[in-house]
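My numbering puts the sequence shown at residues 1 to 123.
See below for the structure under consideration.
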Amino acid sequence: MGSSAALRELQRELENKANDLSKLQKDIAKNHQVRKKYTIQLGENELVLKELGLLNEGANVYKLIGPVLVNQDLAEANANVRKRIDYISAEFYAFDTCTLSGSALMQLSKIWKKSKIAKKRRS
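Pasting the structure below:
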């Protein structure tokens, strides 16, 4: 009778760990989507900066504000794009730092180790 209680306890523990693993997998997928978004935004803004660099000083640059195209100074457009790149880069860095320092990977490895220990106990 004691072994069936121990077996139920191990099964409950394994189910809890499986739930934890599922939550971590969802977090990892969410983090991947956020990282992908920042990567795309950064790439687009760097491309815009390159294109602005190809323009002559007197070139007309327009900014879309709502449904209206507004004429913008080339230097101002360059400054705005650089600010966006700096902001996105800072957000990207903060996200990576938070993700890496967050213990998602550490928790995953702990769960993996504990599941190996549980398998050894059953053997």
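For glycine and all other residues, C-beta sits at the position ideal for the given N, C-alpha and C.
These figures come from a predicted structure and were not determined experimentally.
- Scanning the stretch 28-79 from its first residue to its last, the whole beta strand (DSSP E) runs of 3-plus residues come out as 61-65 and 68-72.
- Approximately 6 Å separates the beta-carbon atoms of ASN71 and ASN60; this is inside 8 Å, confirming the contact.
- Around the beta carbon of ILE88, a 10 Å sphere encloses 16 or more other beta carbons of the protein chains shown; the residue is thus reported as buried.
- TYR62 is a Cβ neighbour of LEU69, given a cutoff of 8 Å.
- The Cβ neighbour count for VAL81, taken over all protein chains shown within 10 Å, is at least 16; the residue is labelled buried.
- Pairing ARG35 with PHE95 gives a Cβ-Cβ distance under 8 Å.
- Using a Cβ distance threshold of 8 Å, ARG12 and ASN45 do not count as a contacting pair.
- About 47 Å separates the beta carbons of LEU21 and LEU52, which is beyond the 8 Å limit, so they are not a contact pair.
- CA-to-CA, the gap between HIS32 and LEU10 works out to about 32 Å.
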